[in-house]
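Chemist:
In this note's numbering, the protein residues as written are 12 to 649.
Right, here's the structure in full:
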């Protein structure tokens, strides 16, 4: 039989019909030749064209919906984004910093001086709810512990509240601290699990879920939220005290929590559906032994294989889970109580000073030895406000936003690869694990002594040989600094660096070794002279000029290895109102450790070239530690 010419490029009804008519005329001219619109043959040809058109449409539709860049259905966009590791948000909350206040009674120290009685300092766990004056339906929930005893933090300060009329000594203090809060209120739902089944799924009752706070089963076992079920390690925060770790408890004011990695089988992942309702998906395991108690060893490898059963000899197994127990987590077998935050939206962007109503809180304080009446006064004195507006709140992400965010998330892969990745991760570590103020990362160098050869040809290593450095491709040096209580740069304590090491371990590349080192602080002072215009008050102009220098050297604006541009500084001083001319400007190095300086000596004159003071080769940062005394100006005449 002769091969027939069949066209495969038809996509719509008319092209299918025309091709079928042409096909019939070419290959069946004697069988059928009535191609009138009302003929029975044309009815079958057009019905076939109709079927072809429908099939072609759905083929194109399915191809389009399988591509993230072309998909239109929200369900498909969500599924593809989820497969790329991006979790779409059902609701975007507003954030703000709450200023929380409490009254503190005074007590005498050993020298007879009045000091705050920190025994009455309150601790309020995460979850304190604060309402808005303008709208009773808007609630904010704290995402950090309110810890008034954390006086080592720069966010906590104590002021005198009242004075004793007789002695003039303070008899009460006011302590203030800041805490991060998110728009939303806590809601709990309990789900009845009647049978254990693989990949159990539950759906929450709110379409504005912001965050899953906790999932607890009937035996009070905690379940952990992970990005994907195959991830079996999670970050666990542990309160930093002497019972947990005596070696780190000395830093508990600056670092209230320790960060550890924990392996667990009780885990779940989340996703939202097309209606923005949040679903929780659990694992497939049904064993009753927790994963973290299983220690794989040679005798347990492959114990899934039954004696005499050869059909599974080539089965693959998870090398991190050699006993074949819950490679994707444990399946729940008892009732689950899910607590989550719900809210957010555009309405949650409230103005400053609007969050003043304390809706609910729980005090955590050791009452032994305390006066009950004084303690009640302290509790009643608790007050809160937001000094800055709450911003960031908005409705659920649109389809296009999910599409773009998913592609960006896939490109980043949640890993630290570049220098900027590592720096961003360092700054992203929650402050309750220790605060990093400045960070700088560079490649590590291997230092070797040059080898010399004597006249007889014997190889030896000279004590005076020049050192050479070779780049170490597998190691990075991370230099960090923290703030002290006065917002001055200081060396990060060991507990903070330990938490940082644990935090980065989940993001760094396997072959990268990270050496966390202390950065260097070069304390400086500035002396300058100005000429003031005749019609201006010299003292006022000098005060404005000193204030401009303070703003220029604000430590929050400075980074590691940032040079001092003297011409830039001079230009900023020259435009201060009332300044006629800048006569002289001098930068000096302050090194006296007994006066509170870092003690790092640096030759400013040798490091200055073309009115630029360059930093040292070792990562350092310039800091004016005591602006009120280290910045000195003088008004001179012509």
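No residue lacks a Cβ here, since even glycine has one placed at the ideal position from N, Cα and C.
Any contact of the segment 97-116 with the segment 343-350, i.e. 3+ C-beta pairs under 8 angstroms?
Modeler: Touching, no, given that fewer than three Cβ pairs across the two stretches are closer than 8 angstroms.
Chemist: Buried or exposed, going by whether 16 or more other CB atoms sit within 10 Å of the CB of residue 340?
Modeler: Reading the chain shown from its first residue, position 329 is the one you call residue 340. Buried: at least 16 other Cβ atoms inside 10 Å.
Chemist: My assumption, with CB atoms under 8 angstroms, is that residue 491 sits in contact with residue 536. Please give the rounded CB distance.
Modeler: Along the chain shown, read from residue 1 onward, the residue named residue 491 stands at position 480. Along the chain shown, read from residue 1 onward, the residue named residue 536 stands at position 525. Going by Cβ atoms, the distance from residue 491 to residue 536 rounds to 25 angstroms, so no, they are not a contact pair.
Chemist: Let's test the definition: count the other Cβ atoms within 10 Å of the Cβ of residue 257 and tell me whether it reaches 16, buried, or not, exposed.
Modeler: Walking along the chain shown from the start, residue 257 turns up at place 246. Burial call: exposed.
Chemist: Which residues in the same chain have their Cβ closer than 8 angstroms to the Cβ of residue 543, if we skip the five residues on either side of it in sequence?
Modeler: For this step, residue 543 is matched to residue 532 along the chain shown. Counting only Cβ-Cβ distances below 8 angstroms, and skipping sequence neighbours, we find 549, 552, 553, 589, 590, 591 and 646.
Chemist: Going by DSSP, name the residue or residues bridged to residue 536.
Modeler: Within the chain shown, the letter at position 525 stands for residue 536. For residue 536, which the question treats as bridged, DSSP gives the partners 599.
Chemist: For residue 609, which residues from the same chain have a beta carbon less than 6 angstroms from its beta carbon, with the 5 sequence-adjacent residues on both sides left out?
Modeler: Position 598 of the chain shown holds residue 609. The residues are 532 and 534.
Chemist: To the nearest angstrom, how far is it from the Cα of residue 281 to the Cα of residue 574?
Modeler: Position 270 of the chain shown, counted from the first residue, corresponds to residue 281. Position 563 of the chain shown, counted from the first residue, corresponds to residue 574. Between residue 281 and residue 574, the C-alpha separation is close to 47 angstroms.
Chemist: Buried or exposed: where does residue 380 fall if 16 or more other Cβ atoms within 10 Å of its Cβ makes it buried?
Modeler: Residue mapping note: residue 380 aligns to position 369 of the chain shown, counting from 1. Exposed, because fewer than 16 other Cβ atoms sit within 10 Å of the Cβ of residue 380.
Chemist: Check whether the segment 365-373 touches the segment 274-291, taking contact to mean three or more Cβ pairs, one atom from each stretch, closer than 8 angstroms.
Modeler: They do not touch, by the three-pair rule.
Chemist: With distances taken between CB atoms, is the gap from residue 107 to residue 375 smaller than 8 angstroms?
Modeler: Along the chain shown, read from residue 1 onward, the residue named residue 107 stands at position 96. Along the chain shown, read from residue 1 onward, the residue named residue 375 stands at position 364. For residue 107 and residue 375, no; Cβs fall outside 8 angstroms.
Chemist: Evaluate the contact criterion for the segment 445-457 versus the segment 555-572: three or more CB pairs, one atom per stretch, below 8 angstroms.
Modeler: Taking 8 angstroms as the limit for Cβ pairs, the verdict is that the segment 555-572 does touch the segment 445-457.
Chemist: Quick check: residue 254 and residue 269, are their CB atoms within less than 8 angstroms of each other?
Modeler: For the purposes of this step, residue 254 is taken as residue 243 along the chain shown, with counting starting at 1. For the purposes of this step, residue 269 is taken as residue 258 along the chain shown, with counting starting at 1. Not in contact: residue 254 and residue 269 (Cβ atoms no closer than 8 angstroms).
Chemist: Just confirm the distance between the C-beta atoms of residue 342 and residue 295, as a whole number of angstroms; I'd bet it's less than 8 angstroms.
Modeler: For the purposes of this step, residue 342 is identified with residue 331 of the chain shown, where counting begins at 1. For the purposes of this step, residue 295 is identified with residue 284 of the chain shown, where counting begins at 1. Between residue 295 and residue 342 the Cβ distance is about 6 angstroms, and since that is below 8 angstroms, they are a contact.
Chemist: Along the beta strand (DSSP E) that carries residue 222, what are the first and last residues, could you check?
Modeler: As a first step, residue 222 must be located in the chain shown, where it is residue number 211. Unbroken beta strand (DSSP E) run through residue 222: 220-228.
Chemist: Would you be able to state if there are at least three C-beta pairs under 8 angstroms between the segment 60-75 and the segment 18-29?
Modeler: Verdict: yes, contact present.
Chemist: Do residue 168 and residue 187 count as a contact pair if the criterion is CB distance below 8 angstroms?
Modeler: Residue numbering aside, residue 187 sits at position 176 when the chain shown is read from its first letter. Residue numbering aside, residue 168 sits at position 157 when the chain shown is read from its first letter. Closer than 8 angstroms, so yes.
Chemist: Tell me where the alpha helix (DSSP H) around residue 529 begins and ends.
Modeler: As a working mapping, residue 529 is identified with position 518 in the chain shown. Here residue 529 belongs to no alpha helix (DSSP H); instead the beta strand (DSSP E) covers 524-529.
Chemist: Which of the three DSSP states, helix, strand or coil, is assigned to residue 638?
Modeler: Looking up residue 638 in the chain shown gives position 627. Reduced to three states, the DSSP call for residue 638 is helix.
Chemist: Just how far apart, CA to CA, sit residue 227 and residue 559?
Modeler: Against the chain shown, residue 227 aligns to sequence position 216. Against the chain shown, residue 559 aligns to sequence position 548. Residue 227 and residue 559: Cα-Cα distance of roughly 55 angstroms.
Chemist: Out of 140, 223, 214 and 514, which one is the CA nearest neighbour of residue 192?
Modeler: The residue you call residue 192 lines up with position 181 of the chain shown. Nearest option by C-alpha distance: 140.
Chemist: Within the same chain, show all residues whose beta-carbon is closer than 8 angstroms to that of residue 149, passing over the 5 residues directly before and after it, in chain order.
Modeler: Stepping through the chain shown from its first residue, residue 149 is reached at position 138. 142, 143, 194, 354, 358, 359 and 361.
Chemist: Look up residue 296 in the DSSP assignment and give the residues it is bridged to.
Modeler: Position 285 of the chain shown, counted from the start, is the residue given in the question as residue 296. Residue 296 pairs with 341.
Chemist: Tell me which same chain residues have a C-beta within less than 6 angstroms of the C-beta of residue 508, skipping the five on either side of it?
Modeler: Residue 508 sits at position 497 when you count from the first residue of the chain shown. The answer, listed in chain order, is 527.
Chemist: Please list the terminal residues of the continuous alpha helix (DSSP H) segment that includes residue 202.
Modeler: Within the chain shown, the letter at position 191 stands for residue 202. Run containing residue 202: none in the alpha helix (DSSP H); it sits in the beta strand (DSSP E), 196-202.
Chemist: Compute the Euclidean distance between the alpha carbons of residue 54 and residue 15, then round it to the nearest angstrom.
Modeler: Counted from its first residue, the chain shown places residue 54 at position 43. Counted from its first residue, the chain shown places residue 15 at position 4. One C-alpha to the other measures close to 23 angstroms.
Chemist: Could you give the DSSP three-state label for residue 110: helix, strand or coil?
Modeler: For the purposes of this step, residue 110 is identified with residue 99 of the chain shown, where counting begins at 1. Reduced to three states, the DSSP call for residue 110 is strand.
Chemist: Nearest to residue 179 by alpha carbon, out of 129, 628 and 117?
Modeler: As a position in the chain shown, residue 179 is number 168, starting the count at 1. Answer by Cα proximity: 117.
Chemist: Quick check on the DSSP output: what are the complete alpha helix (DSSP H) runs of length 4 or more inside the segment 609-633, in order along the chain?
Modeler: Runs found: none.
Chemist: Just to confirm before moving on: does the CB-CB distance between residue 79 and residue 417 stay below 8 angstroms?
Modeler: Looking up residue 79 in the chain shown gives position 68. Looking up residue 417 in the chain shown gives position 406. In contact: residue 79 and residue 417 (Cβ atoms closer than 8 angstroms).
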